[in-house]
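**Q** Mind having a look at this structure? Questions to follow.
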Amino acid sequence: MKHTGTFTACKVVTIEKLNAATSRIVFDRDVDAQPGQFLMAWLPSLGEKPFSLFTRSPLSIVVVDVGPFSHALQTLRIGDSVWIKGSLGNGFTPEGENVLMVGGGYGAAPLYSLAKACREQLMHVIVCLGAGTSSSVLLRDEFDRLDCQVAVATEDGSAGTKGLVTNVVEDVLRREHIDTIYACGPTGMLTALAKISHKHKINYQFSWEAHMRCGMGLCGSCEVSPDADPSLPAGWLACFDGPVFRKHWNAVY
Amino acid sequence: MKHTGTFTACKVVTIEKLNAATSRIVFDRDVDAQPGQFLMAWLPSLGEKPFSLFTRSPLSIVVVDVGPFSHALQTLRIGDSVWIKGSLGNGFTPEGENVLMVGGGYGAAPLYSLAKACREQLMHVIVCLGAGTSSSVLLRDEFDRLDCQVAVATEDGSAGTKGLVTNVVEDVLRREHIDTIYACGPTGMLTALAKISHKHKINYQFSWEAHMRCGMGLCGSCEVSPDADPSLPAGWLACFDGPVFRKHWNAVY
Amino acid sequence: MPLEPTLACQLNNIHLRNPLVLASGAMGVSPTLLMRVARSGAGAVTAKSCGPQPREGHPNPVMAEWAHGLINAIGLSNPGVDEEVAQLIEAQTQLTTIDVPLFASIFAGSAQEFGEVAAVISAAHPALIEVNISCPNVHDDFGLPFAADAKSAAEVVRSVKNAVGTIPVAVKLAPNVPDIGRIAQAVVAEGADVITAINTMPGMLIDADAQQAVLSNRSGGISGPALKPIALRCVAEIARSVDVPIIGTGGVITGRDAVEMLMAGASAVGVGSAFWYRGAEAFALILDEMKEFMIDHNIRDIGQLIGKAL
Amino acid sequence: MPLEPTLACQLNNIHLRNPLVLASGAMGVSPTLLMRVARSGAGAVTAKSCGPQPREGHPNPVMAEWAHGLINAIGLSNPGVDEEVAQLIEAQTQLTTIDVPLFASIFAGSAQEFGEVAAVISAAHPALIEVNISCPNVHDDFGLPFAADAKSAAEVVRSVKNAVGTIPVAVKLAPNVPDIGRIAQAVVAEGADVITAINTMPGMLIDADAQQAVLSNRSGGISGPALKPIALRCVAEIARSVDVPIIGTGGVITGRDAVEMLMAGASAVGVGSAFWYRGAEAFALILDEMKEFMIDHNIRDIGQLIGKAL
Ligand SMILES: Cc1cc2nc3c(=O)[nH]c(=O)nc-3n(C[C@H](O)[C@H](O)[C@H](O)COP(=O)(O)OP(=O)(O)OC[C@H]3O[C@@H](n4cnc5c(N)ncnc54)[C@H](O)[C@@H]3O)c2cc1C
Ligand SMILES: Cc1cc2nc3c(=O)[nH]c(=O)nc-3n(C[C@H](O)[C@H](O)[C@H](O)COP(=O)(O)OP(=O)(O)OC[C@H]3O[C@@H](n4cnc5c(N)ncnc54)[C@H](O)[C@@H]3O)c2cc1C
Ligand SMILES: Cc1cc2nc3c(=O)[nH]c(=O)nc-3n(C[C@H](O)[C@H](O)[C@H](O)COP(=O)(O)O)c2cc1C
Ligand SMILES: Cc1cc2nc3c(=O)[nH]c(=O)nc-3n(C[C@H](O)[C@H](O)[C@H](O)COP(=O)(O)O)c2cc1C
Ligand code: FES
Ligand code: FES
């Protein structure tokens, strides 16, 4: 996969609210990247934080306002610059015929390009989106338009099934044969999904998050412990080996 | 034109005597170069000296034994390495239909590739070779085989016309219309030829020599003074602007 | 069929299965990461430098690639020596099972404090204690690096040697000094057993569009390809000045780079930034290329290369 | 149509039509070559450093390109100050006709000798005398560069200032010192009017096949792209430490590089190796790119860029 650790100024072309706390920011260039790779965004004097690629051509990201940096990104105006280092890390690869994608919160973002790639290969794609409440469900229409089969779970029941998205996943697995589970979202969700995948011996590709500093495999701050998923090798770095970790039950390699 | 200032080890593939003092050394690689470009050859612990490219594919040079370094080159064995930096400088470009090439001593070497390129463009090529004595005349058969018209001048009259090659040139110019004069050889010869070309207002491309150190346009040691040819601009560097200097009488550029 | 060349070598009294040493601070910041790098082929692994107190390090951006190398100002993030020694004991237990020596690395704010940190870290019984007197990224907190001056460098070594008993001590030197050979002499005179050279070279990236320095700390340390000729020259100067083994470090990305470092006079070769340029298998790739070079040039023992170009 | 941006600027009391200054030793070693570079667009031209006696310099190889820069050990070839002053007078006569200031450059083996060489060279009435206390390539003949040490650097400046009357004096500093800001302070305290930073960084190339250093002098000075972040950091340090104008030099190959150098705190920008990377029109290309940057960023006067990234 292509990597670059050099910052490039990218101009904001459009910035569009997806919901009260979330915006999609589109930039004036393309990057060479796979779904699930990430980038580091730098705002001079403010800091630098990791974001997943939403689309690569044009380069765009989906940002949820959770603190000072993600807030500042959302207040940018058209023509303003964000300095971007990336793409970085290793993303998802389409595998199988019948696949399940599980997005928790902004975890839906990197799954969108993946779903698109899978649909282009005529794969059958089921998408489960989890969120706290109906207004936080992200990208539902976008997945619909790709002809994915979309299921939603909200903790307060305001949309779709009430409860955790993992329950919906269990439902799907009872009904369907799934070749690969893809997921991106909070660590707790991924840990639960890893358990489920282990139980059913289904191949999976999950995108893990960790606190990133260099984003380039050298500072060692983004190690993800096998506590989160016993299949993770010891010393696994989210920015360098991941963010996507792949588990193959019958891996010959 | 392509330039590189990085040394690469090149292995001697064949080494062939052209006469008592002269060898052709063929190396195990090709270079991207034009006729008339040069290279710097480094023999560790011995030094580094400039040589014209004889052929570029395979890379070969013609070396006359005039001192310690050129002598050492001739004693190399097959498989030995020479470290080569280049190609460097700016070479000849084929121009016109009827051209004259004048080689003094090893000055014949860079003209050979040029003659080949001109003949491939179906140009008519007259070659005048100058030397002290018949055994020093270089590459006569090679030019013959390209179907060039070859004239020879030796100072002792042991081959061709007796006297300086410039006399032969004057003869040719009386008989033929020449579009471009190409030349490589001792400074005195080039100065004389520049006078002749000026008198007849013929375009010319001459390859000048000077003492080279860096070969890269930075040390300033290879400046050729306009004393040698008043058409040379002040501050002209043989390694950087040359070795080939071009004079166009009706230059529009 | 040519014989497989021998890469095993000695560094002071330490046996290494090959001369490649993980450079301090590059990836190996936890026991699991040290073990990972060891498994991937390293002859020895150096832990991240630790100091007397925990340090968070600098805010982001802390690292960037530029056209000819990397630059970082991580800022010596570390958990402090009391936590670190526990981690090194854990690392040591694991590394022993695969016979890869562990080198500790320490820094501090005064000669005396260096001795204190060294004493604590000795409890982990590292094969070597590397004394980092050359980090360029903590100027504001610690003033000039000790490697700036022969006298203060020597004081640090004296203090550390007194504190660690028989554990051999390496001193890590900085390239931005006028005469690195003289500093090497000063620390060897105080008993330094090994010299590690070099740490990163101070530098700064500016983004013209942002009209700002790229790193939050503004300046940082240059590593990777651009550093190689600077490191080769420092190693050669040191090799001509003192008689202890050198861990030649800086810009080693390929097997050929490693060979050049040995030829400059190094006995072992530090590798850090290569992970970025070559990926997770960096050590294995470099080792394969070294073997290939040795076979091509009919060299049977890696020791034959040491100092060849001096 | 945006207004054409202004590149003209002042360096000390010297008016420059643009901030690009030919760096000492790069191409401009004769009156004709200085004139050539001036015609090609330079705002000022610095002559090759000259010393008390003629020097041939080192044998070949004296220069090579590597993947990330150049390295040279020309060895301060020069005809000696008595011949040099005649050449500078000739150069001065020609340069005056096109209004491009000439900077002289000198080196010597002692503070006193620096003063003597400066006195002789003053006869050419250069707009500035640059004192090269930082050449890395003549170690064997002259010992450590004076730039290694604040005290000896200051002595040299005192001696030169006494010798040259009202001609402004620049001091050229080396990057391989622990604290370049302190050395800048020391020379400014003795009256240095301008700081030039930096000279080349000491380095060494080894050819693994040859098992030898590439340059006959073994070590040499690194210039070109790899030097840029080192130079930017030195310039920024100096700009924060003293209040005299800086000729920021090192790895400027493009207009963007020149802009970064100004942003780091330089008032003018030295250019040397760019001839190799950009060809004979290097100055014109860099100037065009600077103008383009200024137009794009709506900057009317080049002075607005100075120190922007500090
Ligand atoms: C691989 C990866 C991909 C991501 N993709 C997206 C995305 O597509 N959209 C999105 O909105 N967010 C994404 N994030 C999370 C995003 O980085 C944080 O939301 C952002 O850093 C918050 O910064 P802040 O200043 O707004 O909030 P802060 O107040 O600084 O932090 C809020 C929370 O964000 C997280 N965070 C903060 N700094 C970092 C850091 N350096 N590295 C990792 N996490 C951090 C922590 O969980 C923290 O508690 C991703 C994170 C990672 C690691
Ligand atoms: C552009 C150019 C192309 C050349 N092409 C060829 C060629 O194709 N074949 C060939 O045999 N020779 C060529 N030469 C000349 C060749 O460089 C010298 O013959 C060689 O350097 C002699 O070195 P030496 O040690 O054998 O003799 P030395 O005893 O060192 O010198 C003998 C003579 O060679 C010349 N010379 C020596 N050093 C240099 C130097 N660094 N730069 C230029 N000239 C020098 C001088 O005229 C000197 O008097 C070329 C020179 C130049 C500048
Ligand atoms: C991210 C990073 C962190 C580093 N941290 C330390 C450190 O804690 N202690 C130390 O002595 N050197 C540290 N260094 C310097 C390296 O050990 C090494 O000397 C330098 O990077 C040059 O080698 P390289 O070009 O192979 O990376 C660090 C280098 C990098 C890139
Ligand atoms: C071939 C060459 C010769 C040099 N000679 C001198 C010199 O005589 N005096 C001096 O002060 N600097 C000399 N330098 C250093 C340059 O002036 C400049 O400081 C250095 O090359 C960095 O700038 P650059 O990257 O633009 O080349 C020389 C540099 C080169 C490449
Ligand atoms: S963020 Fe530095 S190693 Fe992953
Ligand atoms: S040989 Fe150095 S400029 Fe031509």
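Protein chains in written order, with the numbering used here: chain A, 24 to 276; chain B, 24 to 276; chain C, 473 to 782; chain D, 473 to 782.
Where is the CB? At the ideal position from N, CA and C, for every residue including glycine.
The structure presented is a predicted model; accordingly, all values stated were derived computationally and were not measured.
For the candidate residues C:Tyr-749, C:Ser-688 and C:Gly-722, whose alpha-carbon lies nearest to that of Gly-240 (chain A)?
**A** Nearest option by C-alpha distance: C:Tyr-749.
**Q** Starting from Val-534 (chain C), find everything on chain A with Cβ-Cβ shorter than 7 angstroms and list it in chain order.
**A** Ordered by position in chain A, the residues that pass the 7 angstroms Cβ test against Val-534 (chain C) are Arg-236, Cys-237 and Cys-242.
**Q** Once DSSP output is grouped into helix, strand and coil, what is the label at Gly-727 (chain C)?
**A** Of the three classes helix, strand and coil, the one that applies to Gly-727 (chain C) here is helix, per DSSP.
**Q** In chain order, what are the residues with a CB under 5 angstroms from some non-hydrogen atom of ligand 2?
**A** Taken from the N-terminal end onward, the list reads B:Phe-61, B:Lys-72, B:Pro-73, B:Phe-74, B:Ser-75, B:Val-86, B:Val-87, B:Val-89, B:Gly-90, B:Pro-91, B:Phe-92, B:Ser-93, B:Tyr-129, B:Ala-132, B:Glu-232, B:His-234, B:Met-235 and B:Pro-266.
**Q** Heavy atom of ligand 5 less than 7 angstroms from the Cβ of Phe-263 (chain A), yes or no?
**A** It does: the Cβ of Phe-263 (chain A) is within 7 angstroms (strictly closer) of some heavy atom of ligand 5.
**Q** Can you give me the start and stop residues for the alpha helix (DSSP H) that Ile-767 (chain D) sits inside?
**A** Segment 754-768, the alpha helix (DSSP H) holding Ile-767 (chain D).
**Q** If the criterion is Cβ atoms closer than 8 angstroms, does the pair Gly-675 (chain D) and Gly-692 (chain D) meet it?
**A** Result yes, Cβ atoms of Gly-675 (chain D) and Gly-692 (chain D) sit closer than 8 angstroms.
**Q** Using a cut-off of 9 angstroms between C-beta atoms, extract the partners of His-530 (chain D) located in chain C.
**A** The contacting residues do not exist; His-530 (chain D) stays about 15 angstroms from chain C at best.
**Q** Measure the Cβ-Cβ separation of Val-86 (chain A) and Gln-97 (chain A) and say whether it is below 8 angstroms.
**A** Yes; because the gap between Cβ atoms is below 8 angstroms, this pair is in contact.
**Q** Please classify Glu-232 (chain A): is it buried, with 16 or more other beta-carbons within 10 angstroms of its beta-carbon, or exposed?
**A** Answer is buried; the Cβ neighbour count reaches 16.
**Q** Ordered along the chain, which non-local residues of its own chain (more than five positions away) have a Cβ less than 6 angstroms from that of Gln-482 (chain C)?
**A** Answer for Gln-482 (chain C): no residue qualifies.
**Q** To the nearest angstrom, how far is it from the Cα of Asp-773 (chain D) to the Cα of Glu-764 (chain D)?
**A** Straight-line Cα distance between these residues: approximately 13 angstroms.
**Q** Would you mind telling me which residues of chain A sit closer than 9 angstroms to Asn-550 (chain C), beta carbon to beta carbon, in chain order?
**A** Per Cβ cutoff of 9 angstroms: no residues; Asn-550 (chain C) is ~11 angstroms from chain A at best.
**Q** When you compare only the Cα positions, how much space is there between Thr-721 (chain C) and Thr-668 (chain C)?
**A** The alpha-carbon atoms of Thr-721 (chain C) and Thr-668 (chain C) are separated by roughly 7 angstroms.
**Q** Measuring only from the beta carbon, is Leu-241 (chain B) closer than 7 angstroms to any heavy atom that is part of ligand 6?
**A** Yes, ligand 6 has a heavy atom inside 7 angstroms of this Cβ.
**Q** Taking the C-alpha atoms as reference points, what is the distance between Gly-775 (chain D) and Pro-491 (chain D)?
**A** Each residue's Cα considered, the two are about 10 angstroms apart.
**Q** Is the Cβ-Cβ distance between Phe-61 (chain A) and Gly-109 (chain A) less than 8 angstroms?
**A** Contact: yes.
**Q** Just reading off the alpha helix (DSSP H) that Ser-220 (chain B) is part of, what are its end residues?
**A** 210-223 is the span of the alpha helix (DSSP H), which, as asked, contains Ser-220 (chain B).
**Q** Distance, Cα to Cα, Tyr-276 (chain A) vs Glu-120 (chain A)?
**A** With a pLDDT of 47 at Tyr-276 (chain A), under the threshold of 50, the modelled position of this residue cannot be trusted; read the value that follows with caution. So the two alpha carbons sit approximately 21 angstroms from each other.
**Q** Nearest-angstrom Cα distance between Gly-183 (chain A) and His-147 (chain A)?
**A** Going by the C-alpha atoms only, they are around 21 angstroms apart.
**Q** Strictly below 8 angstroms CB to CB, what residues from chain C border Ala-32 (chain A)?
**A** Result: Asp-679, Asp-681 and Ala-682.
**Q** Identify whether Tyr-276 (chain A) lies in helix, strand or coil by the three-state DSSP scheme.
**A** Confidence at Tyr-276 (chain A) is low in this model, with a pLDDT of 47, below 50, so the placement of that residue should be treated as unreliable; the coordinate-derived value is given next. Coil at Tyr-276 (chain A), not helix or strand.
**Q** For the region 725-741 of chain C, list every residue whose C-beta sits within 7 angstroms of some C-beta in chain D, in sequence order.
**A** Under the 7 angstroms Cβ criterion, the region 725-741 of chain C contributes Arg-728, Val-731, Glu-732, Met-735 and Ala-736.
**Q** Leaving aside the five residues before and after Thr-156 (chain B) along the sequence, list all residues of the same chain whose C-beta is less than 8 angstroms from its C-beta, in chain order.
**A** So the list reads Thr-177, Glu-178, Asp-179, Ser-181 and Ala-182, once near-sequence residues are dropped.
**Q** Using a Cβ-Cβ distance under 8 angstroms, would Trp-272 (chain A) count as near chain C?
**A** No, Trp-272 (chain A) lies away from the interface with chain C (no Cβ there is under 8 angstroms from its Cβ).
**Q** Using DSSP with H/G/I as helix, E/B as strand and the rest coil, what is Cys-33 (chain B)?
**A** Three-state result, Cys-33 (chain B): strand.
**Q** Would you identify the three-state DSSP class for His-530 (chain C), choosing helix, strand or coil?
**A** Coil at His-530 (chain C), not helix or strand.
**Q** Among D:Glu-476, D:Ala-510 and D:Ala-495, whose alpha-carbon lies nearest the alpha-carbon of Ala-642 (chain D)?
**A** Ala-642 (chain D) has its Cα closest to that of D:Ala-495, out of D:Glu-476, D:Ala-510 and D:Ala-495.
**Q** Are there 16 or more other CB atoms within 10 angstroms of the CB of Gln-584 (chain C), so buried, or fewer, so exposed?
**A** Burial call: exposed.
**Q** If you count every other CB in all the chains shown that lies within 10 Å of the CB of Thr-504 (chain C), and 16 or more means buried, which is it?
**A** Label assigned to Thr-504 (chain C): buried.
**Q** Please give the ranges of any alpha helix (DSSP H) in the region 83-123 of chain A, keeping only runs that are unbroken, at least 4 residues long and fully inside the region.
**A** Segments of the alpha helix (DSSP H) lying fully in the region 83-123 of chain A: 91-97.
**Q** Can you give me the Cβ contacts of Leu-278 (chain B) inside the same chain, cut-off strictly under 8 angstroms, excluding the 5 residues immediately before and after it?
**A** Because chain B spans 24 through 276 in this model, residue 278 (chain B) falls outside it and cannot be assessed.
**Q** If distances are taken between C-alpha atoms only, which option among A:Val-175, A:Ser-136 and A:Gly-59 comes closest to Cys-151 (chain A)?
**A** The option with the nearest alpha carbon to Cys-151 (chain A) is A:Val-175.
**Q** Could you tell me if the beta carbon of Gly-238 (chain A) falls within a distance shorter than 7 angstroms of some heavy atom in ligand 5?
**A** Gly-238 (chain A) Cβ: within cutoff of ligand 5.
**Q** State yes or no: is the C-beta of Pro-650 (chain C) within less than 8 angstroms of the C-beta of Val-649 (chain D)?
**A** Result yes, Cβ atoms of Pro-650 (chain C) and Val-649 (chain D) sit closer than 8 angstroms.
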